[in-house]
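Read the structure below first, then the notes.
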Amino acid sequence: MKIRELHAWPRMSTSEAKQLQLRLRELLVWDGGPASCALVAGGDGTYRVGQPTGRASAVIWSTEELTVVERSFAERELTMPYIPGLFSFREAPVLLEAFRGLRHTPDVVLLDGHGLAHPRRFGLACHVGLFLDLPTIGCAKSLLVGKHGDLASDEGATAPIVHEGEVVGAAVRTRRGCRPVYVSQGYRISLARAIEIVLLCARGRRLPEPARLAHLALQGERTWSRPPAC
DNA sequence: GCGACAG
DNA sequence: ATCTTGTCGC
Ligand SMILES: [Mg+2]
């Protein structure tokens with residue numbers, strides 16, 4: 012497969028994007044996931060009103076030292092609008108650029124969006140994992156497709172997400188009294204291992220540390236018109 | 001046709 | 001996601 016070629020989409024129609032997802036889906040590979048998860052990365056993207064570009068961050072977090080090992084940023088022109096189900100074509104290019112700027116290689120990557128819990132089983136986490144050739148986990152803050160039953164209020168509680176008769180992920184309670192996060196396989200990982208890693212990285216917060224830090228890294232760059240009230 | 005709908 | 005301060009609740 013000509014991965015470089017597929018990566019240079021200047022602009023594509025929604026129907027072309029859907030077709031491409033169906034082809035790329037066939038390239039997904041699954042295994043149990045990384046044996047070690049000493050280095051877990053998180054990525055996120057942001058946009059600003061009236062700006063034609065988007066920015067992305069990639070943060071590597073040490074699960075042993077509980078510290079940030081490395082951060083990388085990228086800025087790039089956005090070619091696609093946000094369309095539910097086609098989100099990765101908007102955000103993956105700038106995210107991939109940020110991840111390619113890292114000097115370390117993480118054991119697994121957490122993405123702010125879904126993996127298999129997607130109408131065509133090819134969400135952002137699948138897309139980014141495939142092109143980085145690294146294990147990835149989709150960790151979204153709300154559902155795109157599927158339903159799940161009630162889950163206990165205890166930290167660590169889970170409930171399968173079912174879509175069209177398939178288990179495509181799990182709702183995971185990472186913090187007591189908070190809404191769950193929605194975990195699904197991105198690339199080269201099992202659902203069980205994905206849930207384990209998300210819980211390992213949660214540490215009392217709703218969003219797992221690498222994802223949360225990647226988000227904060229972008230906010231931290233924002234310039235405020237007025238100093239924050241305090 | 002209507003409602004749902006990651007970020 | 002963004003535009004944005006304070007405020008309410010576990
Ligand atoms: Mg995001």
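12 is the number of the first residue of the first sequence in my numbering; add one for each residue after it.
The beta carbon of each residue, even a glycine, is placed where N, CA and C say it ideally should be.
Per DSSP, the bridge partner or partners of residue i
{"i": "residue 72", "result": "51 and 79"}
{"i": "residue 196", "result": "148"}
{"i": "residue 173", "result": "158 and 178"}
{"i": "residue 126", "result": "Bridge partners of residue 126: none, in fact."}
{"i": "residue 66", "result": "57 and 86"}
C-alpha distance - residue i paired with residue j, whole-angstrom precision
{"i": "residue 89", "j": "residue 63", "result": "6 Å"}
{"i": "residue 292", "j": "residue 91", "result": "This structure cannot speak to residue 292, because the chain is shown only from 12 to 241."}
{"i": "residue 86", "j": "residue 139", "result": "16 Å"}
{"i": "residue 241", "j": "residue 110", "result": "The predicted model places residue 241 with a pLDDT of 42, which falls under 50 and marks its position as unreliable; any figure quoted below should be read in that light. Going from the Cα of residue 241 to the Cα of residue 110 covers about 35 Å."}
{"i": "residue 71", "j": "residue 39", "result": "24 Å"}
{"i": "residue 204", "j": "residue 43", "result": "7 Å"}
{"i": "residue 220", "j": "residue 30", "result": "34 Å"}
{"i": "residue 151", "j": "residue 26", "result": "24 Å"}
{"i": "residue 170", "j": "residue 48", "result": "24 Å"}
{"i": "residue 206", "j": "residue 56", "result": "23 Å"}
{"i": "residue 194", "j": "residue 61", "result": "32 Å"}
{"i": "residue 130", "j": "residue 122", "result": "17 Å"}
{"i": "residue 180", "j": "residue 223", "result": "20 Å"}
{"i": "residue 172", "j": "residue 182", "result": "6 Å"}
{"i": "residue 78", "j": "residue 149", "result": "22 Å"}
{"i": "residue 52", "j": "residue 199", "result": "15 Å"}
{"i": "residue 33", "j": "residue 132", "result": "8 Å"}
{"i": "residue 239", "j": "residue 160", "result": "Note that residue 239 scores 49 on pLDDT, short of 50, meaning its location in the model is unreliable; the coordinates nonetheless yield the value given after this. Spanning the two alpha carbons is a distance of roughly 40 Å."}
Whole-Å CB distance - residue i paired with residue j, under 8 Å assumed
{"i": "residue 113", "j": "residue 83", "result": "5 Å"}
{"i": "residue 213", "j": "residue 190", "result": "That belief does not hold up - the Cβ atoms of residue 213 and residue 190 are roughly 13 Å apart, past 8 Å."}
{"i": "residue 196", "j": "residue 126", "result": "5 Å"}
{"i": "residue 124", "j": "residue 98", "result": "6 Å"}
{"i": "residue 100", "j": "residue 28", "result": "5 Å"}
{"i": "residue 128", "j": "residue 156", "result": "6 Å"}
{"i": "residue 120", "j": "residue 54", "result": "7 Å"}
{"i": "residue 164", "j": "residue 184", "result": "7 Å"}
{"i": "residue 103", "j": "residue 225", "result": "The Cβ separation is near 14 Å, so there is no contact."}
{"i": "residue 192", "j": "residue 210", "result": "Rounded, the Cβ-Cβ distance is 10 Å, inconsistent with contact."}
{"i": "residue 115", "j": "residue 81", "result": "5 Å"}
{"i": "residue 227", "j": "residue 118", "result": "Not quite, the Cβ-Cβ distance comes to about 22 Å (not below 8 Å), so this is no contact."}
Ligand 1 heavy atom lying under 7 Å from the CB of residue i
{"i": "residue 157", "result": "no"}
{"i": "residue 56", "result": "yes"}
{"i": "residue 123", "result": "yes"}
Residue i Cβ short of 7 Å to ligand 2 heavy atom set
{"i": "residue 188", "result": "As far as ligands go, the structure on display features ligand 1 and does not contain ligand 2."}
Residue i, DSSP secondary structure in three states
{"i": "residue 12", "result": "Any reading at residue 12 needs caution, since the residue's pLDDT is 48, under 50, leaving its predicted position unreliable; the model's value is listed next. Of the three classes helix, strand and coil, the one that applies to residue 12 here is coil, per DSSP."}
{"i": "residue 107", "result": "helix"}
{"i": "residue 102", "result": "helix"}
{"i": "residue 184", "result": "coil"}
{"i": "residue 121", "result": "strand"}
{"i": "residue 212", "result": "helix"}
{"i": "residue 241", "result": "Its pLDDT being 42, under 50, residue 241 is placed unreliably in this model, and the value from its coordinates should be taken loosely. Three-state DSSP puts residue 241 in coil, outside helix and strand."}
{"i": "residue 26", "result": "helix"}
{"i": "residue 46", "result": "coil"}
{"i": "residue 202", "result": "helix"}
{"i": "residue 40", "result": "coil"}
{"i": "residue 163", "result": "coil"}
{"i": "residue 137", "result": "helix"}
{"i": "residue 34", "result": "helix"}
{"i": "residue 232", "result": "coil"}
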